[in-house]
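A.B. asks:
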Amino acid sequence: MAAKKNQQPPVRIGYGFDSHEFKSGIPLKIGGVALPHTAGLGGHSDGDVLLHAITDALLGAVAAPDIGSLFPPSDPKWKGADSAVFLQEAMKRVKAAGYAIANLDSSLVLSAPKIGPHAGEIRSRVAKLLGIAPDCIGLKAKTPEGLGTDNTAIAHVAVLLAQVAKSKTKTARKKR
Ligand SMILES: [Zn+2]
-8 MAAKKNQQPP VRIGYGFDSH EFKSGIPLKI GGVALPHTAG LGGHSDGDVL
42 LHAITDALLG AVAAPDIGSL FPPSDPKWKG ADSAVFLQEA MKRVKAAGYA
92 IANLDSSLVL SAPKIGPHAG EIRSRVAKLL GIAPDCIGLK AKTPEGLGTD
142 NTAIAHVAVL LAQVAKSKTK TARKKR
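Oh and the sequence shown: position 111 is 102 in my numbering, straight run, nothing missing.
Next up, the structure:
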């Protein structure tokens, strides 16, 4: 099902990965939800590892520049920023390319806190941010068995985009 020249493929896949180190004394935010924990994720913006991986998956799906290129960590403007801002920009680019999100799947790899009790809330929040139903958001959490990354949170995300049908008939009718 190779796309012809100048013709967009009907579906596009996107993949994103991110990791952040735990730092004590800062709030923990995953998937736009504040989670009770002794440490938060340091680094770029609010350190929301899941939203960053989703953002990169969306950007990758439409072959846009990655999150680090659009929002350089070196730019003080993004220090402590709400990662939902990055997600909004990625969504804008997906829409401009003529696509909508079909579904998304994710894996979180972290030793603590337990994600299970918060999974429903995270899925709802992410669904709301993306404008899709919570049952189109997969969220799995794993402990880093044998990885030696106990002080790190890792997120992997795969996303499927479907082309939005252009309403040619509408504009054609208007012209007449
Ligand atoms: Zn990140």
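By construction, the Cβ of each residue, glycine as well, lies at the ideal position given by its N, Cα and C atoms.
Bear in mind that the values here come from a model prediction, so they are computed numbers and not experimental data.
Under 7 Å from any heavy atom of ligand 1, does the C-beta of Val40 make it?
C.D. replies: Yes.
A.B. asks: Restricting to runs no shorter than 3 residues, where is the beta strand (DSSP E) found entirely within the segment 101 to 167?
C.D. replies: Complete beta strand (DSSP E) runs here, min 3: 128 to 133 and 143 to 154.
A.B. asks: Assuming the contact rule is C-beta atoms closer than 8 Å, Ala189 and Ala149 should be a hit. Round their C-beta distance to whole Å, please.
C.D. replies: One cannot answer for residue 189 here, as it falls past the ends of the chain, which runs -8 to 167.
A.B. asks: Here's the rule I'm using: 16 or more other beta-carbon atoms within 10 Å means buried, otherwise exposed. How should Ile128 be labelled?
C.D. replies: Per the 10 Å Cβ criterion, buried.
A.B. asks: At which residues does the beta strand (DSSP E) containing Ala75 begin and terminate?
C.D. replies: Segment Ala75 to Ala87 is the alpha helix (DSSP H) holding Ala75; no beta strand (DSSP E) there.
A.B. asks: Spell out a yes or no on whether the segment 101 to 120 and the segment 53 to 64 are touching, meaning 3 or more CB-CB pairs, one atom from each, closer than 8 Å.
C.D. replies: Because the criterion of three Cβ pairs below 8 Å is not met, the segment 101 to 120 and the segment 53 to 64 do not touch.
A.B. asks: Rounded to a whole number of angstroms, what is the C-alpha to C-alpha distance between Ala25 and Leu19?
C.D. replies: Computed Cα separation, rounded: 6 Å.
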